[in-house]
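Residue numbers (my numbering): 13 to 636.
Put into structure tokens, the structure is as follows:
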């Protein structure tokens with residue numbers, strides 16, 4: 013057990029001290045230290061510990077220095093629930109930018125110093141786990157004096173402090189990925205922290221639900237503590253929403269400065285005059301007085317958590333962005349006005365600011381509407397296109413290729429739909445495809461564009477696909493394999509576990525179909541809008557809308573599945589492949605646009621072909 017207070021500082025022996033006095037003094041010191049070592053943890057809450065010990069780091073916080081819970085008062089109830097012996101599970105359904113991660117860090121720091129135990133922190137993937145360790149936990153340990161001496165120096169040869177595993181007297185903290193069943197089953201832990209659970213995969217390998225796997229690590233501890241946090245996602249599919257509904261469902265009530273009425277903050281009460289979002293105010297639900305941001309923050313400091321359900325042992329907290337001290341009402345109103353024109357962006361805003369799940373429109377996409385909105389392009393490649401990708405679908409008698417242009421704000425353009433007839437077992441049809449993928453495309457800027465990433469579906473004639481992709485790897489042509497299920501990344505890490513030793517990229521088809529359908533519902537050109545050229549026939553539009561999302565239940569757990577409404581859906585599959593191809597790239601669209609603008613300024617007679625890729629703003633580093 014670590015010390016509960018600093019040991020007595022050494023002092024030089026008093027002048028004239030006898031041997032007997034010296035021996036008695038040393039004995040008293042030994043007794044004092046022994047009592048400190050074997051003392052029980054202090055009766056201190058996490059918020060009290062944070063206000064006393066926690067230091068915010070420069071690289072991880074805008075307000076570095078001593079932590080003050082009073083700046084973000086709603087976090088007090090969340091933190092203290094984690095240290096409450098009557099609470100076994102804490103559920104936090106929150107917006108982003110409300111300080112949730114800092115509250116979790118305070119819980120970790122508290123347990124390292126005052127109540128050491130085995131701790132498991134689970135993130136959606138390993139990259140996020142490593143980032144949490146490097147960017148948040150390590151700086152906290154370094155800058156908080158109470159913790160610095162308890163965790164070994166990461167620069168030492170000791171194995172007690174690695175990126176994903178850190179030891180301290182009486183315990184350790186292990187950071188793990190929800191995608192790794194081995195890590196989730198490796199150790200028993202008393203404190204289990206599950207962050208962004210709505211981004212966890214549906215299954216951790218073949219072992220099942222990663223949340224259940226992680227919770228199982230704490231079963232042997234009578235004083236176990238489980239903490240689940242996340243912004244919600246889709247209604248009926250959100251893990252955090254389901255967990256919150258089984259809790260005591262606490263919400264934060266604040267008093268009006270005018271009438272004193274306690275109320276929860278509701279977005280419906282945010283108003284702004286004549287479209288002036290920068291002047292947004294919060295209107296009291298009782299007396300209709302209008303609060304400035306300063307008055308809103310003052311009310312929050314006087315608020316309190318109130319439970320609406322009688323559920324012993326599970327404390328649930330719902331916290332929207334309206335309680336954030338870091339986001340003004342004007343900022344939130346502006347974001348809302350910009351988002352509401354585009355379903356995909358609006359969904360993100362609802363999830364991450366209001367902390368509410370998004371209820372998907374179950375209606376089928378209107379095919380006729382897509383047919384009617386086809387448009388004439390002034391050039392084969394519209395001026396707004398900055399990047400070209402393509403997807404290839406393999407059928408028994410043909411190869412189908414779809415080329416898509418990508419612009420700012422995920423505005424997209426269907427460019428060309430090419431069919432190469434012939435058996436995929438015949439090399440000739442692959443040669444025709446290769447020539448097509450290598451060919452330049454004329455851009456209005458005068459610069460030739462090339463397709464910079466192609467994905468080929470390997471579900472049919474797999475070996476032929478592998479051979480082609482290995483041969484075309486220099487042209488950034490890659491094999492892919494669709495992976496169903498909720499929570500899959502758009503593009504996962506490639507595998508070479510095949511006879512051809514070919515990189516095969518897993519594509520989260522459900523994830524990308526969700527994105528695709530949201531973008532096809534956007535009705536106005538601009539961010540997330542998908543342009544359809546007039547030379548695309550009606551059949552293409554029917555294939556785009558050939559599937560529908562439905563909710564199915566497996567062992568009581570809701571899942572979104574996509575069912576066919578028509579026999580042919582090649583256009584839909586090809587569009588998904590293009591979204592995945594773009595997700596593999598790290599594109600600086602501003603840099604690409606500047607290059608094209610510079611090209612326009614050149615004298616056409618003096619143009620020289622740049623041997624490098626035309627896209628200087630594209631990194632070949634994958635985005636997973």
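By construction, the Cβ of each residue, glycine as well, lies at the ideal position given by its N, Cα and C atoms.
Predicted model, so just to flag it, every value in this text is computed and none were measured.
- Between residue 417 and residue 394, the CB-CB gap stays under 8 Å.
- Within a 10 Å sphere around the beta-carbon of residue 427 sit 16 or more other beta-carbons, which makes this residue buried.
- As summarised for the stretch 279 to 347, the continuous alpha helix (DSSP H) elements at least 4 residues long and confined to that stretch are 305 to 313, given in chain order.
- Between residue 535 and residue 541, the alpha-carbon positions lie close to 7 Å from each other.
- Distance from the CA atom of residue 477 to the CA atom of residue 491, rounded to whole angstroms, is 7 Å.
- Counting the other Cβ atoms within 10 Å of the Cβ of residue 554 gives 16 or more, which makes it buried.
- Rounded to whole angstroms, the gap between the alpha carbons of residue 239 and residue 102 is 5 Å.
- The beta carbons of residue 345 and residue 282 sit about 6 Å from each other, so the pair counts as a contact at 8 Å.
- Taking a contact as a CB-CB distance under 8 Å, the pair residue 100 and residue 349 does not count as one, their CB atoms being some 42 Å apart.
- Rounded to the nearest whole angstrom, the C-alpha separation of residue 496 and residue 597 is 22 Å.
- For residue 144, the closest C-alpha among the options 183, 205, 286 and 459 is that of 205.
- Relative to residue 141, the option among 511, 397 and 174 whose CA is nearest is 174.
- Bridge partners of residue 594 according to DSSP: none are assigned.
- Bounds of any alpha helix (DSSP H) do not take in residue 391, whose DSSP letter is neither H nor E.
- When 107, 195 and 70 are compared, the shortest CA-CA separation from residue 150 is found for 70.
- Proximity of the stretch 123 to 130 to the stretch 352 to 364 falls short of the contact definition, fewer than three beta-carbon pairs being nearer than 8 Å.
- With respect to residue 245, residue 210 sits close: the two C-beta atoms are nearer than 8 Å.
- Nearest to residue 257 by alpha-carbon distance, out of 330, 107 and 449, is 330.
- Under the three-state reduction of DSSP output, residue 418 falls in the strand class.
- In the DSSP assignment, the residues bridged to residue 275 are 266.
- The residues 188, in chain order, have a CB closer than 6 Å to that of residue 195 in the same chain once the five nearest residues on each side in sequence are set aside.
- Less than 8 Å separates the beta-carbon of residue 441 from that of residue 411.
- The beta carbon of residue 298 sits closer than 8 Å to the beta carbons of 268, 271, 273 and 275 from its chain, once the five residues preceding and following it are set aside; these are given in chain order.
- Straight-line spacing of the CA atoms in residue 236 and residue 230 works out to 6 Å.
- Excluding residues up to 5 positions away in sequence, 235 lie with their Cβ nearer than 8 Å to the Cβ of residue 97 in the same chain.
- DSSP places residue 380 within a helical segment (H, G or I) once states are collapsed to three.
- For residue 370 and residue 363, the gap between their C-alpha atoms comes out near 7 Å.
- It is roughly 58 Å from the alpha-carbon of residue 62 to the alpha-carbon of residue 406.
- With a threshold of 16 other beta carbon atoms within 10 Å, residue 278 falls short and is exposed.
- Per DSSP, the beta bridge partners of residue 433 are 410.
- Rounded to whole angstroms, residue 87 and residue 291 show a C-alpha spacing of 27 Å.
- Under DSSP, the beta-bridge partners assigned to residue 543 are 425.
- The beta carbons of residue 134 and residue 190 sit closer together than 8 Å.
- CA-to-CA, the gap between residue 84 and residue 341 works out to about 16 Å.
- When only Cα atoms are considered, residue 550 and residue 382 end up about 9 Å apart.
- Rounded to whole angstroms, residue 323 and residue 255 show a C-alpha spacing of 12 Å.
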